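Undergrad:
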Amino acid sequence: MHSIDSAWNFGGSAEYEATLKPLCVQVESHFSLPSKRLWRYFATWDDPHMQMWMGLGEHYRGFHIPRSGRGVLPHYLLHGFFHPELSLSYEDSIAFDNLIYIRQSTCLDLPVGFVTAYAHELQHFVQYGRTPRLWEVNRNLYFSLGGLDRNVIPSEIPTERDADITAKQVTEKVCGVEATNQFAERQIQSMENCGDAVQKARWVFFRNVPSTTQYDLLRETLPFIDKYKGIDFGIDTAQPEWWMGDLPTPRKQASKGTA
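Heads up, the sequence shown is in the working numbering, so the first residue is 424 and it goes up one at a time.
#1: For a test of the three-state rule: what should DSSP assign to Ile588, helix, strand or coil?
#2: What alpha helix (DSSP H) runs, 4 residues minimum, are completely inside the region 462-486?
#3: Name the one or two DSSP bridge partners that Phe505 has.
#4: Do you know offhand how far Glu601's Cα is from Gln592's?
#5: Please list the segments of the beta strand (DSSP E) lying wholly inside the region 506-577, counting only runs of 3 or more residues, in order along the chain.
#6: Contact defined as beta carbons within less than 8 Å: I believe Thr529 pairs with Gly485. What is the distance between those atoms, to the nearest angstrom?
#7: The alpha helix (DSSP H) that contains Phe628, what's its start and end?
#8: In angstroms with no decimal places, state the Cα-to-Cα distance between Phe454 and Ile523.
#9: By the DSSP assignment, the alpha helix (DSSP H) with His646 in it spans what residues?
#10: Leu533: which of Val560, Tyr638, Phe606 sits nearest, CA to CA?
#11: Taking the beta carbon of Ser678 as the centre, do at least 16 other beta carbons fall within 10 Å, making it buried, or is it exposed?
#12: Using the beta-carbon count (16 or more within 10 Å), is Glu664 buried or exposed?
#13: Let me check understanding here. Comparing Cα to Cα, which of Asp619, Leu531, Leu568, Leu640 lies closest to Asp585?
#14: Could you tell me the alpha carbon to alpha carbon distance between Leu564 and Arg642, rounded to whole angstroms?
#15: So which of Met473, Cys617, His482 has the shortest CA-CA distance to Arg493?
#16: Here's the rule: buried if 16 or more other CB atoms are within 10 angstroms of the residue's CB, otherwise exposed. What is Ala682?
#17: Look at the alpha carbon of Gln662 and the alpha carbon of Leu645, and state the distance between them as a whole number of angstroms.
#18: Start and end of the alpha helix (DSSP H) containing Phe606?
#19: Let me make sure I understand the geometry here. Which of Phe566, His502, Ser510, Ser436 has the alpha-carbon closest to that of Asp655?
#20: Do Phe504 and Trp406 have their beta-carbon atoms positioned less than 8 Å apart in this structure?
#21: In angstroms, rounded to a whole number, what distance separates the CA positions of Trp666 and Gly618?
#22: Could you tell me if Lys623 is buried or exposed, where buried requires 16 or more neighbouring beta carbons within 10 angstroms of its beta carbon?
#23: Pull the bridge partners of Ile488 from the DSSP assignment, please.
#24: Quick one: is Arg573 buried, meaning 16 or more other Cβ sit within 10 Å of its Cβ, or exposed?
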């Protein structure tokens, strides 16, 4: 039977829902999720335009994005944040605050690849929901550092490190330690074979980082702020406790997931 819960979009595939939703429920049981309304979209086809719209790399596995960043999305995702009734006020028409999108190839990469990606993007949702200003600073780091420091790769941004560590912790619990390690080794070999050094470095970190690691996102972000003072972080980081509170104004916000 198909789910009528609009928070879960399986593209009308009963097989998708029967396979993927139980894994998602297991993953989510290891999180304390924020109260924001989450829309989960599991692609049943590989959109050839997604990389162009989102600026995603060839090997992206999924992404998280808040409603305020929806302008970069294709139309079939753009309107999914809202109820279809035209008579509602803008506030009442809002159905979801955040989207997690999982690519078709990732949905078929079962179980470890899918679990790793979903946990990674779920941690981005948590980052945004719990510490939106810290998430915003890291978002700007992610998109700006490539033009400033070629020695820093996207997966070294603190929100990415945090999401990778969390993904490893959760995947080991859901799929087992050995299966998680084997998956990481396959990813490393695959990225080496195709010559993607950036993605290889990401998976080497994932393989090597102890799953017992306690990662302090704020502490790890502060050195980046000190080093790259020329970046527009979207937040006045000179203010005391700048990381506290909600985002000051709506911005186009997108968090690239590479799980």
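All C-beta atoms in this analysis are idealised placements derived from N, C-alpha and C, irrespective of residue type, glycine included.
All figures in this text were calculated on a predicted structure; none of them were measured in a lab.
TA: Well, looking at it:
#1: In the structure shown, Ile588 falls within a helical segment according to DSSP collapsed to helix, strand and coil.
#2: If we require 4 residues or more, the alpha helix (DSSP H) runs fully inside the region 462-486 come out as 473-477.
#3: DSSP lists Ile517 as partners of Phe505.
#4: Using only the alpha carbons, I get a separation of about 12 Å.
#5: The beta strand (DSSP E) runs lying completely inside the region 506-577 and spanning 3 residues or more are 521-525, given in chain order.
#6: At roughly 6 Å, the Cβ-Cβ gap stays under 8 Å, so Thr529 and Gly485 are in contact.
#7: DSSP places Phe628 in the uninterrupted alpha helix (DSSP H) bounded by 620-631.
#8: The alpha-carbon separation between Phe454 and Ile523 amounts to approximately 15 Å.
#9: For the sequence presented, residue 646 should be read as Pro rather than His. It spans 640-650 - the alpha helix (DSSP H) in which Pro646 sits, taken as one unbroken run.
#10: Ranking the options by Cα distance to Leu533, first place goes to Phe606.
#11: Its pLDDT being 44, under 50, Ser678 is placed unreliably by the model, and the measurement read from it follows with that caveat. Ser678 comes out buried.
#12: Within a 10 Å sphere around the beta-carbon of Glu664 sit fewer than 16 other beta-carbons, which makes this residue exposed.
#13: Here the closest residue by C-alpha is Leu640.
#14: Within the model, the alpha-carbon separation for Leu564 versus Arg642 is close to 15 Å.
#15: Between Arg493 and the set Met473, Cys617, His482, the nearest pair of CA atoms involves Met473.
#16: The predicted model places Ala682 with a pLDDT of 42, which falls under 50 and marks its position as unreliable; any figure quoted below should be read in that light. Buried is the call here.
#17: Cα atoms of Gln662 and Leu645: separation of roughly 13 Å, rounded to the nearest angstrom.
#18: First-last of the alpha helix (DSSP H) with Phe606: 600-616.
#19: Comparing alpha carbon positions, the residue from Phe566, His502, Ser510, Ser436 closest to Asp655 is Phe566.
#20: No answer is possible for residue 406: the residues shown for the chain start at 424 and end at 682.
#21: If you take the alpha carbons of Trp666 and Gly618, they lie about 38 Å apart.
#22: With 16 or more Cβ atoms within 10 Å of its Cβ, Lys623 is classed as buried.
#23: Looking at the DSSP assignment, Ile488 forms a beta bridge with Leu522.
#24: By the 10 Å Cβ count, Arg573 comes out exposed.
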